[in-house]
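Position one of the sequence shown corresponds to residue 668 (this note's numbering), numbered consecutively onward.
Here the structure comes first, spelled out in structure tokens, and everything after it is commentary.
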Amino acid sequence: MDPALLLLIIAVVLTIGFDFINGFHDAANAIATVVSTRVMRPAHAVIYGAALNFIGALMGTEVAATIGKGLVNAANITIQTVICTVIAAIVWNLITWYKGLPTSSSHALIGSLLGATFFSAGNESIIWPKVMEKVVGPMVTSPILGVTLGFVIMLGLTWAVHKVSLGRINKVFSKLQILSAGFMALNHGHNDAQKSMGIIALALMLTYPSEDFHVPLWVVLSCAIAMGIGTMTGGWRIIRTLGTKMIKLQPIHGFAAETTASIIIFGASHFGIPVSTTQVISTSIMGVGATKRLSAVRWGIVGNIVWAWILTIPLTFCFAGLLMWAYRHIF
């Protein structure tokens, strides 16, 4: 077999594997609140989330273009750079899944891509202005927006229903939360699955050079299916962290958090921003929970999550760089 083709196959298989892991690692993003409020049974919620993740993955390729051609200069890297990128991201995702930390698969992939590129092609091959615009800026602003918008939406809902009985509120928002969870799953698939599409499209462009960046239909379908199947496997460790450990949620809180996160992620996807869906839903839950009282949020758990967010890009950058360095010295 042609060595170039073999390396391409390895890169594609690894990336689809990453997308599958992304599905069960980030399943909590879409279904943690609807499970913790007992609006849906876990098995039903997982299937529901998987189906809408799949549909969402078919909705566009704006984020894929950012990952595949917007952050690094493809002319200066190789297929080996892509392989080291994906391996590093997979390892980080598995470690954080095992620890039950809702870290960002997006930031793991981006940090790994930047690290592998830096160690294989140098600093000049990273398009830093785009990294600042599409990654660093949203990494700072999206959590702030999640907390703020979640707090405001929850305050508005509290004011709107303050004269309604608790039983009536739970009954109405139990139904509404099914819709908001579906919207969240749809937007999660739309943003997150595209990142793997972008990596595969980059690998194809490196193997078969072309001036035009294009995501083939088979890539879109493969990533959509992998993420859907991954979501169906659950990811219960992280679901417990988001849905029960951080704050105790009622259906109205789940609806507010999911609606907040969906609005932010939808806007980011429209502008091709690979936002962290994990950060957005986590901070939306924090903002919603803070309307009850600040002590309602278990800030110790939040602190662990925030540290994992801060460390994801630097650690994956270094790990992917180490893999790239090892490859170059061994082969």
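Using N, Cα and C, we set each Cβ at its ideal position, and we do this for glycine too.
In this text, all values refer to a predicted model and were calculated from it rather than measured experimentally.
Pair within 8 Å by beta-carbon distance, residue i and residue j
i           : j           : result
residue 716 : residue 698 : yes
residue 897 : residue 746 : no
residue 771 : residue 877 : no
residue 757 : residue 685 : yes
residue 702 : residue 718 : no
residue 773 : residue 862 : yes
residue 720 : residue 895 : yes
residue 783 : residue 988 : yes
residue 754 : residue 681 : yes
residue 946 : residue 837 : no
residue 817 : residue 955 : yes
residue 919 : residue 822 : no
residue 700 : residue 924 : yes
residue 992 : residue 785 : no
Residue i (DSSP reduced to helix, strand or coil)
i           : result
residue 739 : strand
residue 722 : helix
residue 878 : coil
residue 744 : coil
residue 892 : helix
residue 793 : strand
residue 917 : coil
residue 973 : helix
residue 692 : helix
residue 941 : coil
Identity of the residue in the options nearest residue i by Cα
i           : options               : result
residue 940 : 895, 986 and 855      : 855
residue 922 : 973, 952 and 691      : 952
residue 891 : 709, 705, 731 and 675 : 731
residue 768 : 973, 700 and 790      : 973
residue 883 : 725, 899, 957 and 794 : 725
residue 791 : 990, 748, 740 and 801 : 740
residue 865 : 874, 851, 670 and 880 : 880
residue 820 : 959, 899 and 873      : 959
residue 798 : 781, 708 and 787      : 781
residue 710 : 704, 985, 900 and 671 : 900
residue 893 : 859, 938 and 875      : 859
residue 708 : 845, 857 and 787      : 845
Exposure label - residue i; buried when at least 16 CB within 10 Å
i           : result
residue 910 : With a pLDDT of only 49 at residue 910, under 50, the local geometry of the prediction cannot be trusted, and the value read off the model is given with reservation. Burial call: buried.
residue 975 : buried
residue 827 : exposed
residue 886 : buried
residue 998 : exposed
residue 690 : buried
residue 829 : exposed
residue 832 : exposed
residue 849 : buried
CB contact check: residue i to chain C, cutoff 8 Å
i           : result
residue 794 : Looking at the structure shown, chain C is missing, and only one protein chain is on hand.
The segment 921 to 937 contacting the segment 813 to 820, beta-carbon criterion three pairs below 8 Å: yes
Segment contact flag, the segment 795 to 811 with the segment 754 to 767, C-beta cutoff 8 Å, min 3 pairs: Short answer: they don't touch.
Contact between the segment 733 to 747 and the segment 863 to 871 (3+ Cβ pairs under 8 Å): yes
At least three beta-carbon pairs within less than 8 Å, the segment 775 to 784 to the segment 974 to 981: yes
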